[in-house]
Amino acid sequence: VFDIHEQKMLHPTPTTHPLFGHPLAQTMILASHKGTLDVAERLGSLRSHPTVWIDNGEQRERFPFPYLGDLLLYLKSFNGNPYCVNWTVKNTESDFSEHRRGKIKTLVQQHHDIEKAKIRHEIERIYYLDAGIRTQQIVKNSIDDEVSANLELCMTAEDRPITLSPVIINDFTQSLTQAIGTSATAAEIINTYAKYHEKAHEFRMLFYRAVWRRELLLDLFQPVLIDRPMVPQNKDVLDVYSNYFAGLSQC
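Take 1 as the starting number for the sequence shown in our numbering and just add one per residue.
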């Protein structure tokens, strides 16, 4: 992943591919979006497309109002070519099947909201499919809670300033790697290095950064704690969740 766009607008009218003009895509032939109005018309649901009235002082005119997506991921494949994956995110899977699911409503209103949700997500899926982009539904429990907590913790160390020399960093990382699967803890190794170089806080950040950068392959499906032995990776999170990041041609 080299970029993420949040709340990406789905254009009502035809527009270029999200990668159009990007340096990595200069030699690629990219399909274009046909627009949500075109998609809605193909589905026979043009009347369901949101609109807004604009008063210019002389007359009121009706214009299409754009849908907003959740996350558009920009990724590089193994051969270096860029591609996109659209993530549509909800709290639960049921939220994809009914608009305003938590509201009290009549059976007629419920039926209307079920149809509205179905059309809304189908428009988004086809809108991106026209441009060769796959849509992936994501819910709160799609990713294991321990994995999520570990990644969130380790990510915070990525941009922390480190003043230790590259030689010390490399030596420290090697010591951590050699200790994986033994009774030694990261805290013990951190304390050992801090005795000679001080800056214990930097060594703690280096530990979490090494996990984030996959320099230390630990089991992320259980808590990663500096005062507990480091458990070696049993299953790679990139393999477990690879389908969430797969492009259209990779499925």
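Backbone N, C-alpha and C define an ideal beta-carbon position, used for all residues, glycine too.
Looking at the structure shown, is Glu252 part of a helix, part of a strand, or coil, going by DSSP? Here the chain covers residues 1 to 251 and nothing more, so residue 252 does not appear.
Might you give, ordered along the chain, the residues of its own chain that have their beta carbon closer than 7 Å to the beta carbon of Tyr83, omitting 5 neighbours on each side? Leu75, Ser77 and Gly247
Should the region 217 to 234 be called in touch with the region 179 to 191, which here means at least 3 C-beta pairs below 8 Å? yes
Taking a contact to mean a Cβ-Cβ separation below 8 Å, would you say Val147 touches Thr92 in this structure? no
Residue closest to Arg214, alpha-carbon to alpha-carbon, out of Gly181, Ala200 and Thr177: Thr177
Beta-carbon contacts of Thr15 that lie in its chain and below 8 Å, excluding the five residues immediately before and after: Ser32, His33 and Gly35
Beta-carbon gap between Met255 and Ile169 smaller than 8 Å: In this structure the chain extends from 1 to 251, so residue 255 is not present and cannot be described.
Straight-line CA distance for Ser142 to Asp55? 44 Å
For Leu10 and Tyr67, I'd like the C-alpha separation in whole angstroms. 5 Å
Does the distance from the CB of Asp224 to the CB of Val211 come in under 8 Å? Sequence inspection shows Val at residue 224; the Asp mentioned does not correspond to that position. Yes; because the gap between Cβ atoms is below 8 Å, this pair is in contact.
What number of angstroms, rounded off, separates the C-alpha of Leu129 from the C-alpha of Thr135? 8 Å
When Glu124, Ala157 and Ala179 are compared against Arg209, the one with the closest alpha-carbon: Ala157
Does DSSP put Ile123 in a helix, a strand or coil? helix
Among Gly80, Val39 and Leu71, whose alpha-carbon lies nearest the alpha-carbon of Arg120? Val39
Please report the distance separating the alpha-carbon of Ser45 from that of His22. 34 Å
Name the one or two DSSP bridge partners that Val39 has. Partner(s): none; Val39 has no beta bridge.
So Asp268 and Val52 are in contact, right, with Cβ under 8 Å, and what is the actual spacing, rounded? Nothing can be reported for residue 268, as the shown portion of the chain is limited to 1 through 251.
Limits of the alpha helix (DSSP H) - the one that Glu146 falls within: Asp145 to Met155
How close, in whole Å, do the beta carbons of Ile189 and Ala200 come, if the pair is a contact with beta carbons under 8 Å? Between Ala200 and Ile189 the Cβ distance is about 11 Å, and since that is not below 8 Å, they are no contact.
Enclosing beta strand (DSSP E) for Ile4 [first to last residue]: Asp3 to Glu6
So who's on the other strand from Thr106, going by DSSP bridges? The partner list for Thr106 (beta bridge, DSSP) is empty, contrary to what the question assumes.
Closest by C-alpha distance to Lys8, when choosing among Trp87, Thr173, Ser242 and Phe172: Trp87
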